[in-house]
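Enquirer: Can you read through this structure? Questions will come right after.
Number of protein chains: 6
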Amino acid sequence: MPIVTIRQLEGRTVEQKRQVAKEITNTIVKVYKIDADRVTVNFFDMPNYNIAKAGKLFLDLGL
Amino acid sequence: MPIVTIRQLEGRTVEQKRQVAKEITNTIVKVYKIDADRVTVNFFDMPNYNIAKAGKLFLDLGL
Amino acid sequence: MPIVTIRQLEGRTVEQKRQVAKEITNTIVKVYKIDADRVTVNFFDMPNYNIAKAGKLFLDLGL
Amino acid sequence: MPIVTIRQLEGRTVEQKRQVAKEITNTIVKVYKIDADRVTVNFFDMPNYNIAKAGKLFLDLGL
Amino acid sequence: MPIVTIRQLEGRTVEQKRQVAKEITNTIVKVYKIDADRVTVNFFDMPNYNIAKAGKLFLDLGL
Amino acid sequence: MPIVTIRQLEGRTVEQKRQVAKEITNTIVKVYKIDADRVTVNFFDMPNYNIAKAGKLFLDLGL
Numbered sequence: 006m007p008i009v010t011i012r013q014l015e016g017r018t019v020e021q022k023r024q025v026a027k028e029i030t031n032t033i034v035k036v037y038k039i040d041a042d043r044v045t046v047n048f049f050d051m052p053n054y055n056i057a058k059a060g061k062l063f064l065d066l067g068l
Numbered sequence: 006m007p008i009v010t011i012r013q014l015e016g017r018t019v020e021q022k023r024q025v026a027k028e029i030t031n032t033i034v035k036v037y038k039i040d041a042d043r044v045t046v047n048f049f050d051m052p053n054y055n056i057a058k059a060g061k062l063f064l065d066l067g068l
Numbered sequence: 006m007p008i009v010t011i012r013q014l015e016g017r018t019v020e021q022k023r024q025v026a027k028e029i030t031n032t033i034v035k036v037y038k039i040d041a042d043r044v045t046v047n048f049f050d051m052p053n054y055n056i057a058k059a060g061k062l063f064l065d066l067g068l
Numbered sequence: 006m007p008i009v010t011i012r013q014l015e016g017r018t019v020e021q022k023r024q025v026a027k028e029i030t031n032t033i034v035k036v037y038k039i040d041a042d043r044v045t046v047n048f049f050d051m052p053n054y055n056i057a058k059a060g061k062l063f064l065d066l067g068l
Numbered sequence: 006m007p008i009v010t011i012r013q014l015e016g017r018t019v020e021q022k023r024q025v026a027k028e029i030t031n032t033i034v035k036v037y038k039i040d041a042d043r044v045t046v047n048f049f050d051m052p053n054y055n056i057a058k059a060g061k062l063f064l065d066l067g068l
Numbered sequence: 006m007p008i009v010t011i012r013q014l015e016g017r018t019v020e021q022k023r024q025v026a027k028e029i030t031n032t033i034v035k036v037y038k039i040d041a042d043r044v045t046v047n048f049f050d051m052p053n054y055n056i057a058k059a060g061k062l063f064l065d066l067g068l
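So the sequences go chain by chain: A, B, C, D, E and F.
If you're matching positions, the first sequence starts at 6 in my numbering and goes up one per residue.
If you're matching positions, the second sequence starts at 6 in my numbering and goes up one per residue.
If you're matching positions, the third sequence starts at 6 in my numbering and goes up one per residue.
If you're matching positions, the fourth sequence starts at 6 in my numbering and goes up one per residue.
If you're matching positions, the fifth sequence starts at 6 in my numbering and goes up one per residue.
If you're matching positions, the sixth sequence starts at 6 in my numbering and goes up one per residue.
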């Protein structure tokens, strides 16, 4: 703990996740003054037919 | 926000998700009196070897 | 399963949750053609200092 | 309810999940004195590029 | 990782959680053959007006 | 979407959450090249009797 979970539309690259995980961890370490070892980051990549905004699937919104 | 997450056995069609996302959003808009734009719906489709009820995998229950 | 989870700003009444739980369950029963007994709904009420949009806490946005 | 969710690095076998689901359910039934029918277990199998510890992806840690 | 999350009706004692956390961790260590240090357990205690089954709040079911 | 969720031991101040929410959002906007409006951050503050590591409650570990 802390455990950071990021739900996002699929399609982000491994390099993007690598950078996001590193920077988010650095932020938490700096602001909470804790060891980096305690921070876990998880990504969930979601297809566009599994997300809806305002009642419409991302698939139908062309996202 | 609100964020609605639905964990379910995989196999629902896109058309079913489309309808569920629409109707759930309509319900929340009506009851909470908020704009539809604020409502996000996420689906997680889970294989039958990743769900257990009463200690038995859905896979073993023939579901 | 399905398990429906709703994260929302705190302040909804029990009567609103009662209605939302009933209508969402009805939608899922109708669209997925399953028994209502299989549907669980959970609410998480979140204070305005625990939600941020566009990098700003709801607390600071006056929400 | 209770709903038990296990997020884990992918690669566990169905037989391992079968045993974990059974034993966790038994523990909850015994300690909480409730019927097994009320206990749901869900697994999320996560690829090593979607987990980071101390700011580094499991992929980069050779896990 | 693994991260085990247990959502449950509020009212379990600390002693019950202590025992459940210990036994679930032991199960995972034994079946997955990993170090106990890697296992995190989280509990979410939910009031009876925030859970519904079959479209009815636990509050209204007398639970 | 993306939705960032941070589960953490309770006790962080609003000012710490304000800063974490801002910096995490900035990171995501920069790396994913998306509008800040699309990013939601949620915090869950957990008491020390609801977290266990290596089978021991944080409460019992003096955390």
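The beta carbon of each residue, even a glycine, is placed where N, CA and C say it ideally should be.
1. Would you tell me roughly how many angstroms separate the C-alpha atoms of Pro7 (chain C) and Asp40 (chain F), rounded to the nearest one?
2. Taking CB distances under 7 Å as the criterion, tell me whether Tyr54 (chain C) reaches chain F.
3. How many angstroms separate the CA atom of Met51 (chain A) from the CA atom of Gln13 (chain A)?
4. If you draw a straight line from the C-alpha of Asn31 (chain F) to the C-alpha of Val25 (chain B), how long is it?
5. Does DSSP classify Val44 (chain F) as helix, strand or coil?
6. Can you have a look at Gly60 (chain C) and say buried or exposed, based on whether 16 or more other CB atoms are within 10 angstroms of its CB?
7. Can you give me the Cβ contacts of Thr45 (chain E) inside the same chain, cut-off strictly under 6 Å, excluding the 5 residues immediately before and after it?
8. Please report the distance separating the alpha-carbon of Leu68 (chain D) from that of Leu62 (chain E).
9. Could you list which residues in chain A have their beta carbon closer than 8 Å to that of Met51 (chain E), in chain order?
10. Give me the subset of the segment 30 to 41 of chain D whose CB atoms are less than 7 Å from a CB atom of chain C, sorted by chain position.
11. Keeping to the same chain, check which residues put their C-beta closer than 6 Å to that of Leu66 (chain E); ignore five residues upstream and five downstream.
12. With a cut-off of 7 Å, does the C-beta of Val46 (chain F) fall near any C-beta of chain A?
13. Between Leu75 (chain B) and Lys22 (chain D), what straight-line distance do the alpha-carbon atoms span, to the nearest angstrom?
14. Under the DSSP definition of a beta bridge, which residues are partnered with Lys61 (chain C)?
15. With distances taken Cα to Cα, identify the nearest neighbour of Asn47 (chain B) among A:Arg17, A:Val36, A:Arg43 and A:Ile56.
16. Measure the alpha-carbon distance for Glu15 (chain E) versus Lys58 (chain E) and round it to whole angstroms.
17. The beta strand (DSSP E) that contains Arg17 (chain C), what's its start and end?
18. Do Tyr54 (chain E) and Val19 (chain C) count as a contact pair if the criterion is CB distance below 7 Å?
19. For Ile29 (chain A) versus Ile11 (chain F), is the C-beta spacing smaller than 7 Å?
20. What is the DSSP secondary structure of Ile33 (chain B), reduced to helix, strand or coil?
21. Examine chain C for any beta-carbon lying closer than 7 Å to the beta-carbon of Val9 (chain B), and answer yes or no.
22. Using the Cα positions of Val34 (chain F) and Phe49 (chain D), report the straight-line distance between them to the nearest angstrom.
23. Mind checking the segment 12 to 29 of chain B against chain A and listing, in chain order, the residues whose C-beta falls within less than 7 Å of any C-beta there?
Expert: So, from the data block:
1. Their Cα atoms are separated by approximately 32 Å.
2. It does; some Cβ of chain F falls within 7 Å.
3. Going by the C-alpha atoms only, they are around 6 Å apart.
4. In this model, Asn31 (chain F) and Val25 (chain B) are separated by some 33 Å (Cα to Cα).
5. Coil at Val44 (chain F), not helix or strand.
6. Looking at its Cβ environment, which holds 16 or more other Cβ atoms inside 10 Å, Gly60 (chain C) is buried.
7. Excluding five sequence positions before and after Thr45 (chain E), the CB atoms of its chain that fall closer than 6 Å to its own CB belong to Ile8, given in chain order.
8. Each residue's Cα considered, the two are about 43 Å apart.
9. Going along chain A, no residue has its Cβ under 8 Å from Met51 (chain E), so there is no contact; the nearest lies around 19 Å.
10. Of all residues in the segment 30 to 41 of chain D, none has a C-beta nearer than 7 Å to a C-beta of chain C.
11. Here the set comprises nothing.
12. For Val46 (chain F), the answer is no, since every Cβ of chain A falls outside 7 Å of its Cβ.
13. This structure cannot settle anything about residue 75 (chain B), because the visible part of chain B is limited to 6 through 68.
14. Assignment of beta-bridge partners to Lys61 (chain C) by DSSP yields C:Lys58.
15. Cα-wise, what sits closest to Asn47 (chain B) is A:Ile56.
16. So the alpha carbons of these two residues sit roughly 16 Å apart.
17. First-last for Arg17 (chain C): undefined, no H or E at that position.
18. Their beta carbons are under 7 Å apart, which means Val19 (chain C) touches Tyr54 (chain E) by this criterion.
19. Ile11 (chain F) sits away from Ile29 (chain A), with the two beta carbons spaced by 7 Å or more.
20. In this structure, Ile33 (chain B) counts as helix in the three-state DSSP scheme.
21. Under the Cβ criterion of 7 Å, Val9 (chain B) is counted among the residues facing chain C.
22. Here the C-alpha atom of Val34 (chain F) lies approximately 27 Å from the C-alpha atom of Phe49 (chain D).
23. Those would be Val19, Lys22, Arg23, Ala26 and Lys27, in chain order.
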